[in-house]
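Shown next, in structure tokens, is the structure this report addresses.
Protein chains: 2
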Amino acid sequence: MTQAKRITSFHPPRRTLLGPGPSDMNPRVIATLAQPVIGYLDPAFVTMMEELKELMRYAYQTTNPLTFPMSGPGSVGMEACFVNLVEPGDKVIVCRNGVFGGRMLENVERCGGVPVVLDETWGEPVDPEKLEALLKANPDTKIVAFVHAETSTGAQSDAQALCDLARKHGALTIVDCVTSLGGTPVQVDAWQADAVYSGSQKCLSCTPGLSPVSFSERAIAKVKARSKGKVQSWFMDLNLVLAYWGETSRTYHHTAPGNSLYALHESLLLLQEEGLENAWARHQRNHEALKSGLEAMGLQYLVKASARLPQLNSVHIPEGIDDLTVRKTLLNDYNIEIGAGLGPLAGKIWRFGLMGYSSRQENVLLLLSALSAVLGEMGYKHDAGAAEAAAHGAYSAHHALAAKKKS
Amino acid sequence: MTQAKRITSFHPPRRTLLGPGPSDMNPRVIATLAQPVIGYLDPAFVTMMEELKELMRYAYQTTNPLTFPMSGPGSVGMEACFVNLVEPGDKVIVCRNGVFGGRMLENVERCGGVPVVLDETWGEPVDPEKLEALLKANPDTKIVAFVHAETSTGAQSDAQALCDLARKHGALTIVDCVTSLGGTPVQVDAWQADAVYSGSQKCLSCTPGLSPVSFSERAIAKVKARSKGKVQSWFMDLNLVLAYWGETSRTYHHTAPGNSLYALHESLLLLQEEGLENAWARHQRNHEALKSGLEAMGLQYLVKASARLPQLNSVHIPEGIDDLTVRKTLLNDYNIEIGAGLGPLAGKIWRFGLMGYSSRQENVLLLLSALSAVLGEMGYKHDAGAAEAAAHGAYSAHHALAAKKKS
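Sequence order for the protein chains is U and F.
Take 922 as the starting number for the first sequence in my numbering and just add one per residue.
Take 922 as the starting number for the second sequence in my numbering and just add one per residue.
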């Protein structure tokens, strides 16, 4: 027999996750994972599934009946939207202002769609005027796909404006909300978005590996009206998935990831208890404190103020400072994970995430303190202590305001 | 704002899982889930990934470098094998002797393959002679696909014989080992199987949602030599997944399901500690005790003795006994989950699983005791106590033998 080498139980080091995801899980979510698994057709499990759909509708601000978690990471949610909605020959406008727009394009091509690419500088939001021009030039466009919150840059696009334009020109929309859901307003019904997907491990701070999705009645109608053969993926075929997650029946499709679903239920419950608007305000408040500190250190944001995601802060790496050394020092000496740049931004930016449970005052102060020290050691000239002082200032103003409101 | 109704934290009822999966998790696996998540490129995580691959190679008895867990349930492992290996126009022989052979056929069709179906009565193993005849009649066959352990019936096919025939005729093999891995011998190298997949929640008794896969060099060569365009699934494209799970590089592909992977690491470690041969012997021993009891109750197996899976016992429902009433009573009054029949076997069989951590003496005795009582209440005539007595007899013989070996 082939023998494996000596291996022992795995115990991860304690990190503070301040990159583009995963984010730290709330202890309640971690505890929820550690329950026995039960059958995926158990009445108790089915009740939990119904609650999960209800909680997801709240998070997405939608009444879409078809709102449920796909049993895979965000890329499965993305691919599910494309393989179901795009038939061979369908023209799809893909807005690409970062890595994930590029991945959408890959999906369109693999579905046999005809892509029309709206390219935007990385770090910029998608320009609605460019979309309108493309829609006018391509009146046969069936679908417009864009990323609400680009995880690779920290830029937020105007989902309402983009969805309005698509609808005006008779196209459906596929919207990537992986990094936005729970951290910044996602309003599926107000936008009248048609297919949206997210990930469990960003601002929901759940275990990675699930992708909450929601589909409008228009999207379902297009899936049901497919005329060019079956959805190419058996696993992601909504016609089949619906039989398990739909309203009326509970037919076995695939084995549901029980423990991860328990955890998502708890994450969404925490979001409901806090209240969406409070969660958005918390992300904004911690972003502002971090920004005060980073700017006091002389660091510059990649994204212009009007399009910045509070949960994902991308800044230019100062000249002469080695990217990898800083990230390694933060990880090894401070147990802090931050994000690197991707693609054309590799080695040029850092991405500081303050997502979900990671978006907390203590993390902002810790990050500023550690980053200031590490940069100082590397010879970067800045006023030691200024960053933390600026953040404390931002928090003080908030705390004073909150106290005034209470009294 | 849309408000969600009042929902509280989810706590599953305590069940004993004796159906076709998921099976009960070992407490060590449950505890392992409940650790903080870390980044998917964290050096500590990468070390864990390497150990995971090593442990999976031991479980599969293979030296295949490309042996890793897909980030989705067994159906993702299945689909990954087909979308990577089957190009449009490829002739694929699909052996269908249950639900999962049928799902393989769905996959071939959705990949644009040309299927040739070998149909076998449900409950029978695949007949190697029929395969040989089909291979001779179809010399252009590129792939032979079959299910080693049919979860819908409990029948085991002779993987060695089927793989040998395929290889002799120049075809690659795709083998479903979802229910067999860890419970009955799976010998990927000895079989010279080309693409195998399994699930985390059967005889590995891990959290559901992962699919261990392994690919031979021949399989990888076919994927790399594809001439008719990219793999239709971005998420499952081995060329991309390899960049994250491969030997040399760690390029971001999708966010790995961290906690579930920790749990799989622990499940496979438990298997290594017990030893594969001991685990197989344990499954066999508990199967024999259960069989003694079921037969003492007068119940008949669906599958002939030579093809029975020890971990999945399918028996005919006695005439006049209502399927659903029995399953509901076992669940509600005894907290025991057993499996129903699927497709043409719905309402005709029960499936008793003794998989992984669920394969224990106390579960066999509990199941026989509960089933005997429930059937008795429903007027089924049998000798009360005979089932348990028979099982005790089987265990006593084993314990006596074990004691003799020790002395």
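C-beta: ideal position from N, C-alpha, C; glycine also.
Cut-off 6 Å between Cβ atoms - residues of its own chain near residue i, not counting five sequence neighbours on either side
{"i": "V997(F)", "result": "M991 and S1132"}
{"i": "L1289(F)", "result": "G1214, A1308, E1309 and A1312"}
{"i": "P943(U)", "result": "Q1122 and P1129"}
{"i": "V1068(U)", "result": "F1021, G1022 and D1097"}
Inter-residue spacing [alpha-carbon to alpha-carbon] between residue i and residue j
{"i": "K1327(F)", "j": "M1276(F)", "result": "27 Å"}
{"i": "G1023(U)", "j": "C1098(U)", "result": "15 Å"}
{"i": "A1066(F)", "j": "V1236(U)", "result": "51 Å"}
{"i": "L1055(F)", "j": "V1096(F)", "result": "18 Å"}
{"i": "K1151(F)", "j": "R1031(U)", "result": "7 Å"}
{"i": "K1225(F)", "j": "A1202(F)", "result": "20 Å"}
{"i": "L938(U)", "j": "Q982(U)", "result": "27 Å"}
{"i": "G995(F)", "j": "T1176(U)", "result": "8 Å"}
{"i": "G1274(F)", "j": "A1323(F)", "result": "25 Å"}
{"i": "T1094(U)", "j": "L987(U)", "result": "16 Å"}
{"i": "I1107(U)", "j": "K1063(U)", "result": "A quick correction: the sequence has Val, not Ile, at residue 1107(U). The alpha-carbon atoms of V1107(U) and K1063(U) are separated by roughly 23 Å."}
{"i": "V1295(U)", "j": "G960(F)", "result": "21 Å"}
{"i": "Q1193(F)", "j": "C1127(F)", "result": "14 Å"}
{"i": "T929(F)", "j": "M969(U)", "result": "10 Å"}
{"i": "P1009(F)", "j": "G1033(F)", "result": "4 Å"}
{"i": "R936(F)", "j": "S1181(F)", "result": "21 Å"}
Cutoff 7 Å: residue i Cβ touching any chain U Cβ
{"i": "P994(F)", "result": "yes"}
{"i": "K1057(F)", "result": "no"}
{"i": "W1155(F)", "result": "yes"}
{"i": "A1076(F)", "result": "no"}
{"i": "S1227(F)", "result": "no"}
{"i": "R1206(F)", "result": "no"}
{"i": "K974(F)", "result": "no"}
{"i": "V1295(F)", "result": "no"}
{"i": "A1080(F)", "result": "no"}
{"i": "M946(F)", "result": "yes"}
{"i": "L954(F)", "result": "yes"}
{"i": "Q1122(F)", "result": "yes"}
Closer than 7 Å to chain F by CB, residue i
{"i": "M969(U)", "result": "yes"}
{"i": "F931(U)", "result": "yes"}
{"i": "E1330(U)", "result": "Nothing in the structure corresponds to residue 1330(U), since chain U is present only between 922 and 1328."}
{"i": "G960(U)", "result": "yes"}
{"i": "R1017(U)", "result": "no"}
{"i": "I928(U)", "result": "yes"}
{"i": "Y1301(U)", "result": "no"}
{"i": "H1175(U)", "result": "yes"}
{"i": "M991(U)", "result": "no"}
{"i": "S1181(U)", "result": "yes"}
{"i": "N1256(U)", "result": "no"}
Residues of its chain near residue i, where Cβ-Cβ distance is below 7 Å and the 5 sequence neighbours each way are ignored
{"i": "R1088(F)", "result": "Q1113"}
{"i": "H1174(U)", "result": "L1161, V1162, A1164 and Y1165"}
{"i": "L1286(U)", "result": "E1309 and A1312"}
{"i": "A1267(F)", "result": "A1261"}
{"i": "E1053(U)", "result": "L1086"}
{"i": "K974(U)", "result": "T988 and F989"}
{"i": "A1140(F)", "result": "L1006, L1093, D1115 and A1116"}
Integer Cβ distance of residue i from residue j, believed to fall under 8 Å
{"i": "Q1081(F)", "j": "A1111(F)", "result": "7 Å"}
{"i": "D945(F)", "j": "P957(U)", "result": "7 Å"}
{"i": "V950(U)", "j": "A1184(U)", "result": "5 Å"}
{"i": "C1124(F)", "j": "L1102(F)", "result": "6 Å"}
{"i": "H1186(U)", "j": "G1104(U)", "result": "At roughly 19 Å, the Cβ-Cβ gap does not stay under 8 Å, so H1186(U) and G1104(U) are not in contact."}
{"i": "S1280(U)", "j": "Q1232(U)", "result": "6 Å"}
{"i": "A1305(U)", "j": "Y1255(U)", "result": "Actually they are not in contact, since the Cβ atoms of A1305(U) and Y1255(U) sit about 16 Å apart, beyond 8 Å."}
{"i": "A1228(U)", "j": "A1092(U)", "result": "That pair is no contact at about 23 Å."}
{"i": "P1351(U)", "j": "A965(F)", "result": "The question about residue 1351(U) has no answer here: the residues shown for chain U are numbered 922 through 1328."}
Own chain partners of residue i with C-beta closer than 8 Å, once the 5 adjacent residues on each side are dropped
{"i": "V1020(F)", "result": "E1071, T1072, S1073, L1263 and G1264"}
{"i": "Q1282(U)", "result": "N1207, A1210 and Y1316"}
Is the number of C-beta pairs between the stretch 1109–1124 of chain F and the stretch 997–1011 of chain F that are closer than 8 Å three or more?
-> yes
If we count Cβ pairs, one from each stretch, closer than 8 Å, do we get three or more for the stretch 1011–1018 of chain U versus the stretch 1026–1041 of chain U?
-> yes
Segment contact flag, the stretch 1207–1214 of chain F with the stretch 1308–1316 of chain F, C-beta cutoff 8 Å, min 3 pairs | yes
Meets three-Cβ-pair contact criterion under 8 Å: the stretch 1044–1062 of chain U and the stretch 1236–1246 of chain U = With a cut-off of 8 Å, the stretch 1236–1246 of chain U and the stretch 1044–1062 of chain U do not count as touching, because too few Cβ pairs lie within range.
Is the stretch 1248–1263 of chain F close to the stretch 1300–1307 of chain F, with three or more CB pairs under 8 Å?
-> no
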